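This is the structure we're talking about:
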């Protein structure tokens with residue numbers, strides 16, 4: 057191993073990078089508590105932007121849509137993704153490679169291209185725009201991540217337990233609910249939280265698929281930024297950042313990013 | 004056996020159908036649209052034509068834009084690698100245990116928060132009277148005001164900030180997988196730090212660097228929100244022009260053709276990287 061002692065220089069570098077990553081977030085959150093509507097300094101503490109936010113119906117409705125959509129996406133993507141991950145891990149079948157290839161576009165194609173393609177097709181086929189169209193998009197974007205995360209968990213457990221259960225006379229459904237699901241539960245939980253995050257933060261597809269009047273938070277925030285922004289946007293942004301970070305902290309309880317060492 | 008077939012069918016068909024409706028059919032129909040002379044929803048009759056693609060290849064404006072987007076993608080990927088790799092190296096080889104995990108979590112924590120909001124946050128830092136401006140004036144009160152918001156550097160800063168955590172994470176994963184005994188052996192044989200870095204660590208962590216670069220390059224080439232917010236009038240890219248075709252100009256066939264050209268560019272670059280990646284991954 058290289059020297060484990062942490063030299064001052066490398067620690068300073070890491071802190072510098074962390075400073076760069078957190079600088080804008082800290083400034084933006086601070087400005088949400090600044091009294092001035094034009095972000096003027098000196099800083100005067102005020103919670104009035106949060107109070108105004110509480111009576112901003114447009115932003116509140118957009119927020120409700122975002123939560124609703126993320127919840128629906130979490131359920132659908134986690135269930136479908138877990139089913140597919142089980143099929144990938146436990147069976148070989150015709151079409152397996154094709155299905156695996158189909159999981160690439162949501163990751164490897166810029167979202168702008170996918171979103172405009174969906175807009176065209178949904179218009180053309182009569183599916184139309186709206187929350188249902190956004191759900192179609194968000195689930196498609198979430199599926200590859202869910203399948204990878206649940207798949208990793210499935211792979212780390214062999215089929216021994218399941219075979220034992222089957223030998224002892226458990227039906228496939230009993231085996232799934234009493235043996236497989238409890239073992240992969242942490243992976244499924246992490247995948248569900250990921251799916252929630254993907255949908256809650258998703259801007260590009262929601263933007264192209266939102267008809268006038270039906271928006272989500274990111275879409276509404278983008279519109280406000282282009283119109284000329286107000287500290288109310290900072291207030292809602294600060295709340296979203298907080299929720300997202302808490303969500304990832306929750307994910308990290310189920311899913312170790314740092315590896316096992 | 005028949006029963007197994009049925010369960011495989013039941014497990015995979017929903018995902019298969021979902022991806023068909025949300026990804027395969029849209030891309031196919033967009034391909035068809037890119038050859039239409041007018042949007043079929045309008046009053047004008049639509050016929051098949053190559054005009055939309057011809058527009059791209061005959062007007063200098065579009066090839067200029069495509070180049071600009073590719074260069075932006077390369078620049079941002081390179082900067083992320085330059086800044087992110089050393090940070091990942093410190094995390095993986097100079098830290099351990101609790102601190103390593105805590106600091107890594109700190110790095111990836113904000114990247115899970117909304118990309119749009121983080122870009123918006125930069126406008127507060129970069130604009131006139133913003134943080135950078137005020138800091139400069141605190142030191143040099145007579146300096147002219149520095150608002151670099153609505154400029155090319157502002158777009159680059161915002162995009163590097165957006166994708167840096169990806170790069171750190173992918174580099175970290177491959178750095179962490181390097182067998183420590185290799186480094187010990189090299190050191191035992193008298194290799195200095197920079198030799199170890201150049202001959203062992205860099206080659207073995209190359210896959211992480213390459214994956215990070217691809218994960219950065221692909222979305223940056225298609226970026227439209229970041230150039231729009233941070234670039235102002237300087238912020239015209241392939242992405243913003245495509246956005247305009249769908250939200251302002253309503254020339255969907257041209258937008259579809261431009262999207263497909265962008266897709267072609269992305270796929271071409273991925274194909275160029277493929278042999279390189281394959282060779283390195285087999286080695287690692």
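Residue numbers (the numbering used here), protein chains in the order written: chain L, 57 to 317; chain X, 4 to 287. We treat Cβ as the ideally placed atom computed from N, Cα and C, and that holds for glycine. For clarity, every value in this text was computed on a predicted model and none was experimentally measured.
Item                                                                                                                           : Value
Proximal chain L residues relative to residue 295/X, where beta-carbon distance stays under 8 Å                                : Residue 295/X lies beyond the stretch modelled for chain X, which goes from 4 to 287, so this question has no answer here.
Neighbour flag for residue 7/X against chain L, beta carbons, 8 Å                                                              : yes
Interface partners of residue 105/L on chain X, CB under 7 Å                                                                   : None at all; the shortest Cβ gap to chain X is about 14 Å.
Short CB-CB distance (under 8 Å) between residue 267/L and chain X                                                             : no
Residue 200/L burial status per 10 Å Cβ neighbour count (16 or more: buried)                                                   : buried
The alpha helix (DSSP H) enclosing residue 47/X, as first and last residue numbers                                             : No alpha helix (DSSP H) contains residue 47/X, which DSSP labels as neither H nor E.
Distance, residue 73/X Cα to residue 288/X Cα                                                                                  : What the structure shows of chain X is the stretch from 4 to 287, and residue 288/X is not part of that stretch, so it cannot be assessed.
Residue 82/L, buried or exposed, once every other Cβ within 10 Å from all chains shown has been counted against 16             : exposed
Distance, residue 139/X Cα to residue 204/L Cα                                                                                 : 47 Å
Beta-carbon gap between residue 133/L and residue 206/L smaller than 8 Å                                                       : no
Listed by chain order, chain L residues near residue 258/X by CB distance under 8 Å                                            : 172
Beta-bridge partners of residue 51/X, as assigned by DSSP                                                                      : 39/X
Alpha carbon of residue 63/L to alpha carbon of residue 209/X, nearest angstrom                                                : 25 Å
Classification of residue 248/X by the beta-carbon crowding that lies within 10 angstroms, buried from 16 upward               : buried
Span separating the alpha-carbon of residue 21/X from that of residue 150/X                                                    : 47 Å
Residue 160/L, buried or exposed, once every other Cβ within 10 Å from all chains shown has been counted against 16            : exposed
Residue from 104/L, 246/L and 262/L whose Cα sits closest to the Cα of residue 291/L                                           : 104/L
Chain-ordered neighbours of residue 164/X on chain L, where CB pairs are closer than 8 Å                                       : 76, 77 and 80
Three-state secondary structure (DSSP) of residue 90/L                                                                         : strand
Contact set between the stretch 76 to 94 of chain X and chain L, restricted to residues whose Cβ is under 9 Å from the partner : 86, 87, 89, 90, 92, 93 and 94
Closest Cα partner of residue 120/X within the set 281/X, 164/X and 58/X                                                       : 164/X
Continuous alpha helix (DSSP H) stretch holding residue 243/X: start and end                                                   : 241 to 250
Start-end ranges of the alpha helix (DSSP H) lying completely within the stretch 94 to 168 of chain X, minimum 4 residues      : 100 to 111, 118 to 129 and 134 to 142
Three-way DSSP call (helix, strand, coil) for residue 101/L in this model                                                      : strand
6 Å CB neighbourhood of residue 209/L in its chain, flanking five on each side removed                                         : 240 and 243
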